[in-house]
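>
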Amino acid sequence: MSKPSLRIVQTESSCGWGNQEARILIESLGMQSRGHSVELVCCAESVIATRAREYGIPVTTLPIRRRNFQGLASARLWLSKRDFDIVHTHSSSDSWLMTLACKALIKRPRIVRTRHVGAPAKCKATSKWIYTKGADFVVTTSHTIRNSLTSSYGLNQSCSTAIPTGIDLNHFKPDDQIHAREFLGFPVERKLIGFLSDSQGQADPEFLCEAIASLNRDDFDLLILGSGMDRAAIEKCVSSFELKARTYLLESPDNIVPYLNAMNFAVLPACRKEGEQQLFRQIMSCGVPIISTLDDQSEPILADGKTGRLVFQEDTGNLANVISELLDDANQCKRLGANARQTACEQFSLKTMLDHIEEIYQQLTFSKRAAA
């Protein structure tokens, strides 16, 4: 028996572009491919408006960038002329405006609120209301974010869940290391360690450079990839540890997959933000081992000794030892990489993400129709 087609509207008040906006498009396209009707409400000047239209997603622009009467009135009028099953909000302003507008409707759609950011939840009564009373269901992009909301607001566990952003496993997949290096122009005979930062460019390679400099060996190179990096500061760091001759410092390319497949393994700080978590998943999907740091506040993506290796923060000796171990143990790298890929296929796929979201939509719509 086929599932009934749903009428869904995604809303986003942010005008910029990043992992959050990309996920909204991925969800929208995924729901369209499953036979559902999807529209997007956003600001006229937003990047997501342009990109959504390019992908054939119907777009309506409303003044929802800020929480004010104009935005609320526009949202209320627009929703009153339509009949949606689900309103799925993503940022603060659009969540407030759409939630209040929906609450004023006689026949209202169900409201799903996704929280993407890992910033501490504000301990305000109004913020608590939007998550516990305003939304019918809350989705977070990580368990850490969900736990934070539960701790701050007493989030109902039966009306919330964590759904990591899915990975396109047909794009992020393992490939021959030698082929990748030849394609990119990296030496085939030398080993390659990767260091990556997310789009915020906040990862600091000094910890890694200090550990590498302490190793008495010269059989590997360092590849530093990242957008928005303080290039001058990183170049100074690399030079201070006398690693310039064997370091490649590059901005993140449009297609990062060949660079990932060229690496023997990658070193990343603990992941606290959605962008960092997504980077972990992409690397794991390519079957590349990761060395990261232990951190109680970060999302536990890696299993030490199974899908990667974990070292103590600021312990350069510990990091240096693990780096040396992986450089000398190709079989361990192969095992860690294979396990990482398997974990990605089981937990991080686009299908898994879309299955979970669609199930939430269906359950909310069924309960709405049953109550009518």
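407 is the number of the first residue of the sequence shown in this note's numbering; add one for each residue after it. We put the beta carbon where it would ideally sit given N, CA and C, even for glycine.
1. Hey, could you find the ends of the beta strand (DSSP E) residue 416 is sitting in?
2. Check the DSSP bridge columns for residue 641 and list the partner residues they point to.
3. Going by CA-CA distance only, name the one from 486, 763, 505 that's closest to residue 470.
4. Is the separation between the beta-carbon of residue 640 and that of residue 675 shorter than 8 Å?
5. Between the alpha carbons of residue 628 and residue 693, how many angstroms are there, rounded?
6. Can you name the residues that DSSP bridges to residue 568?
7. Going by DSSP in three states, residue 710 sits in which element: helix, strand or coil?
8. Pairs of beta-carbons, one from the segment 723-730 and one from the segment 614-624, closer than 8 Å: are there three or more?
9. What is the C-beta distance between residue 722 and residue 601, in whole angstroms, given that I count them as a contact (C-beta under 8 Å)?
10. Could you give the DSSP three-state label for residue 481: helix, strand or coil?
11. Per DSSP, which residues does residue 654 bridge with? Please list them.
12. Are the beta-carbon atoms belonging to residue 501 and residue 551 less than 8 Å from one another?
13. Quick one: is residue 494 buried, meaning 16 or more other Cβ sit within 10 Å of its Cβ, or exposed?
14. In three-state DSSP terms, what is residue 599?
15. Based on the DSSP output, what are the partners of residue 715 in its beta bridges?
16. When the distance is taken between beta carbons, is residue 555 closer than 8 Å to residue 527?
17. What did DSSP end up calling residue 606 once you bin it into helix, strand or coil?
18. Closer than 7 Å by C-beta to residue 558: which residues in its own chain qualify, once you throw out the five before and the five after it? Chain order, please.
19. Sorted by chain position, which residues of the same chain lie with C-beta nearer than 7 Å to residue 413's C-beta, five sequence neighbours on each side aside?
20. Check residue 447 in the structure and name its three-state DSSP category.
21. What's the gap between the Cα of residue 586 and the Cα of residue 688?
22. Three-state secondary structure (DSSP) at residue 672?
23. Tell me, please, which residues DSSP counts as bridged to residue 755.
24. Would you tell me roughly how many angstroms separate the C-alpha atoms of residue 656 and residue 636, rounded to the nearest one?
25. Taking contact to mean at least 3 C-beta pairs separated by less than 8 Å, is the segment 575-585 in contact with the segment 434-449?
26. Return the Cβ separation of residue 454 and residue 431 in integer angstroms, given the expectation that the two are a contact with Cβ distance under 8 Å.
27. Could you please give me the residues that DSSP links to residue 521 through a beta bridge?
28. Can you give me the C-alpha to C-alpha distance between residue 447 and residue 433, rounded to a whole angstrom?
29. Please determine if the segment 712-722 and the segment 641-654 are in contact, where contact requires at least 3 C-beta pairs separated by less than 8 Å.
30. Please report how far the alpha carbon of residue 543 lies from the alpha carbon of residue 685, in whole angstroms.
31. Return the Cβ separation of residue 496 and residue 417 in integer angstroms, given the expectation that the two are a contact with Cβ distance under 8 Å.
32. Provide the residue span of the alpha helix (DSSP H) that contains residue 432, from first to last.
33. What separation, rounded to the nearest whole angstrom, lies between the Cα atoms of residue 661 and residue 515?
34. Whole angstroms is fine: what's the gap from residue 644's alpha carbon to residue 569's?
Inspection of the coordinates gives the following:
1. 413-418
2. Residue 641 is not bridged to any residue.
3. 505
4. Contact flag unset, no.
5. 19 Å
6. 546
7. In the three-state reduction of the DSSP assignment, residue 710 falls in the strand class.
8. Taking a contact to require three or more Cβ pairs closer than 8 Å, the segment 723-730 and the segment 614-624 qualify as touching.
9. With a Cβ gap of about 14 Å, residue 722 and residue 601 do not count as contacting.
10. helix
11. 629
12. no
13. buried
14. Strand at residue 599.
15. 697
16. yes
17. Per-residue confidence for residue 606 stands at a pLDDT of 49, beneath the threshold of 50, marking its modelled position as unreliable; the derived number appears in the next sentence. Three-state result, residue 606: coil.
18. 527, 529
19. Excluding positions up to five away in sequence, the list reads 443, 489, 490, 491.
20. strand
21. 16 Å
22. Reduced to three states, the DSSP call for residue 672 is strand.
23. 573
24. 12 Å
25. no
26. 7 Å
27. 546
28. 14 Å
29. no
30. Using only the alpha carbons, I get a separation of about 27 Å.
31. 7 Å
32. 425-439
33. The alpha-carbon atoms of residue 661 and residue 515 are separated by roughly 39 Å.
34. Straight through space, the alpha carbons of residue 569 and residue 644 are spaced by roughly 37 Å.
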